[in-house]
Amino acid sequence: MPTDPICGMEVDESTPLQAERDGRTYYFCCEHCRRRFLTREHEDSTHDGAFEPRRDAVSQPGDVYTCPMHPEIERDKPGPCPKCGMDLEPMRGASTGGEEGAELRGMSRRFWTALALGLPVMLVAMSHMMGDPLGRRIGATAVGWLQLVLSTPVVLWAGWPFFQRGWQSVVTGRLNMFTLISLGTGAAYFYSVAAVLVPDLFPASFRREGHVAVYFEAAAMITVLVLLGQVLELGARRRTAGTIRELMSLAPPVALVLRDGQPVEVPLAEVRPSDRLRVRPGEKVPVDGRITEGNSAVDESMMTGEPMPVAKKPGDSVLGGTVNQTGSFVMIAERVGRDTVLAQIIDLVAQAQRSRAPIQRVADRVAAWFVPGVVLAAVATFAVWAWVGPEPRFIYAIANAVAVLIVACPCALGLATPMSIMVGVGRGAVEGILIRGAEALETMEKVDLVVVDKTGTLTEGRPRVTDLMVETGFTENDVLRWAASVETHSEHPLAQAVVEAANARKLSPAEAVAFDSAPGDGVSAVVEGRRVVIGTRDHLAQGGVQNTASLNDAADRLTLAGDTVVFVAVDGRAAGALAVADPIRHSTPEAVRALHALGLEVIMLTGDNARTAATVARKLGIDRVEAELKPRQKHERIKTLRAEGRVVAMAGDGVNDAPALAEADVGIALGTGTDVAIESAGVTLVKGDLRGVARAFRLSRCVMRNVRENLFFALIYNALAVPIAAGALVPLFGTSALLNPMIAAAAMSFSSVSVVSNALRLRKEKLG
């Protein structure tokens, strides 16, 4: 699938958005990109008939790839790190080309091919355990050749990248999982090839029913398992790159620039500081700037976390990517391109994703000592047998040294972590907890501090009527119905909360006429012959309504608690007051108690005002609270906590949380939140229920305990089998004590069965 030469997005060739240049056809994701291509205004250099777009627009990520473990490594395309073999990651979080997708597709092809050919090899090899050995029907020689034919493309083609990385690890002296995999699969495969092609070279003790045992199934299935892990990793990295694309989509593609007093639509990248822009109701603010004409309410929740839209007037600042709601205004551009707050959020997310080195896999840590140990054991075995072994010494030396490498082949070790992770992730999905990969699960076990956002995480994320007070002579239903009748005609954000409250009581709004609005103060209309006025206390006072004294104390109390209070007057007389707030989710108190029970400290970081944040924190028993924080400040606070040695999990749901979610050791997003937050996080709670956070921590602890148990089952086999394969029992029992292939196969099978059975226990773990 071709990529858009401007933004790098993959596009369908069937799209009508295309253009010709230099005899080539280019395809585009949108008209905006096609227009930029045709004008050539953003062309920097030419290569192969294409060009690179300018880097000063918010929509352009970098295309330099670096290693998470070795940041000094930089390449212009994805691939393995030359030092450690890990996949390189984009420095700015998203690729500008299709190389990353091609890499995933290529690795997927290798996996499915290896799986299709490897499963028959496994079934053939294990047929003797099912009571019907295939060798008895077609002959052991034919079975050996069948396995050779099927496993050769699996090991030598599908597994070739692992041999390359394993060799690279030897050249650089940085032994890792790929060293272990290439060593084990290579030894098992080439030993088995020799057993099929030249069986007469092997001593009698290496024969079973007259034929030399082969280990094609071990080589093939280990390759399949490692390929599966690579496919999952590449898929996760591709989804992570989607975070940047989601963020970039928040900025509108075009802006209305006023030229000679007339609005002209121009691409966003062409907006310059001091340009005057028109922003209409419902449109996104293009860039950061200041209002010069008009009044409106702007939804800034994506940036600040404040659920209530903010009233704006001339002189007030506005941020690119926020949504204009009720009015039209003219603004002057101040910060554009890379200087906008949205662009800075994109950079923060990309930097956090790049700087957060993935946790070294358990198998890699084992390989750090296991690989040198196995190699030394094989070398020592060869030397001893070549020096003091029986004739033919050289054959015994080679055979036993290879036997050591074969029995050390990490079959059960390869299953230990993936099986636990696979079952654990499935168990989490049943509980509504979606986990991206092993890194998130492993890190969650070590977390000692949970940072939570307020709006949309602890609270429901949208205004609701929480209290209704009425004066003597009026009923709650009447006051609410009259208020809803007026607010039905209003575009103010609080109006929807009043209408929803009336609907919840099944109150049908009456017809309202003579509607009038005073922006920032209130609204009024005639309902059923009564003049109904809704607004602030001062607005009612200016209209001659004075008898609000009985409502003042309650209104002041609610205001101090962070609620927004609007008064309702009917025919010049105060009738009641409505308190509108973002209510705490019903599950939040239980969730906070559960986190405390797990020994975790809970901190609230929010962009909302300090008074409201303190009230919510006090009600929930949250340990610490910091309010009125911008996205960059949240990000910096997370970075500071990690620098202090804390292992931090961050739970949030908004765009403003994305940098902090990416910077945290583990990001936890609510499934009811924005796509940007979900893409930035390692864990997603599908139901948006914060109690899932505690369940996720319990799941992590269970899974990692299970992984350690599996590693024990896997390594105990190697610890016992390697000395026997080396000939440790020969001085006592003679060459008959050399490791019998049947015993090796049984031990390997028992080890794998133990690992699988233990992992399946996770399905029955109680998570609370």
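Start counting the sequence shown at 264; every next residue gets the next number (the numbering used here). The beta carbon of each residue, even a glycine, is placed where N, CA and C say it ideally should be.
Return yes when the Cβ of residue j is within less than 8 Å of the Cβ of residue i, no when it is not.
i           : j           : result
residue 419 : residue 456 : no
residue 775 : residue 752 : yes
residue 522 : residue 551 : no
residue 554 : residue 524 : no
residue 757 : residue 827 : yes
residue 946 : residue 966 : no
residue 981 : residue 489 : no
residue 572 : residue 560 : yes
residue 778 : residue 767 : no
residue 557 : residue 604 : no
residue 546 : residue 515 : yes
residue 591 : residue 536 : no
residue 491 : residue 681 : yes
residue 377 : residue 480 : no
residue 432 : residue 441 : yes
residue 910 : residue 704 : no
residue 869 : residue 735 : no
residue 477 : residue 458 : yes
residue 961 : residue 686 : no
Closest by CA to residue i, which one among the options?
i           : options             : result
residue 532 : 596, 427, 377, 465  : 596
residue 343 : 269, 657, 428, 370  : 428
residue 916 : 909, 905, 931, 908  : 931
residue 771 : 742, 788, 731, 796  : 742
residue 636 : 978, 269, 992, 1020 : 978
residue 696 : 423, 957, 989       : 957
residue 710 : 638, 984, 964, 389  : 964
residue 823 : 561, 797, 877       : 877
residue 647 : 377, 543, 1017, 989 : 989
residue 483 : 438, 386, 465, 519  : 386
residue 818 : 805, 404, 808, 842  : 842
residue 834 : 807, 854, 852       : 807
residue 855 : 923, 491, 880, 686  : 880
residue 867 : 291, 715, 651, 962  : 715
residue 739 : 574, 779, 764, 562  : 764
residue 944 : 921, 955, 816, 454  : 921
residue 366 : 494, 645, 475       : 494
residue 373 : 415, 519, 1029      : 415
residue 886 : 858, 1029, 1016     : 858
residue 970 : 1020, 955, 924      : 1020
residue 513 : 541, 584, 574       : 584
Report whether the distance from the Cβ of residue i to the nearest heavy atom of the ligand MN is below 7 Å.
i           : result
residue 757 : The ligand MN is not part of this structure, which contains no ligands at all.
According to DSSP, which residues form a beta bridge with residue i?
i           : result
residue 864 : 712
residue 787 : 779, 796
residue 562 : 586
residue 839 : 733, 831
residue 551 : 598
residue 521 : 526
residue 698 : 946
residue 805 : For residue 805, which the question treats as bridged, DSSP gives no partner whatsoever.
residue 851 : Its beta-bridge partners do not exist; DSSP assigns none.
residue 933 : 948
residue 915 : 932
residue 604 : Residue 604 is not bridged to any residue.
residue 540 : 520, 594
residue 281 : 290
I think residue i touches residue j, with their Cβ atoms under 8 Å apart; what is that distance to the nearest whole Å?
i            : j           : result
residue 413  : residue 383 : 6 Å
residue 959  : residue 707 : 6 Å
residue 749  : residue 795 : 5 Å
residue 667  : residue 641 : 4 Å
residue 733  : residue 838 : 6 Å
residue 679  : residue 973 : 4 Å
residue 821  : residue 811 : Their Cβ separation, rounded to whole angstroms, is 14 Å, which puts residue 821 and residue 811 out of contact at 8 Å.
residue 417  : residue 380 : 5 Å
residue 1022 : residue 580 : With a Cβ gap of about 54 Å, residue 1022 and residue 580 do not count as contacting.
residue 954  : residue 850 : 5 Å
residue 486  : residue 422 : 4 Å
residue 773  : residue 790 : 5 Å
Any Cβ of chain C within less than 8 Å of the Cβ of residue i?
i           : result
residue 926 : In the displayed structure, chain C is absent; only one protein chain is listed.
(message) With three or more C-beta pairs closer than 8 Å as the rule, is the stretch 840-849 touching the stretch 725-742?
(response) yes
(message) Pairs of beta-carbons, one from the stretch 880-900 and one from the stretch 681-691, closer than 8 Å: are there three or more?
(response) no
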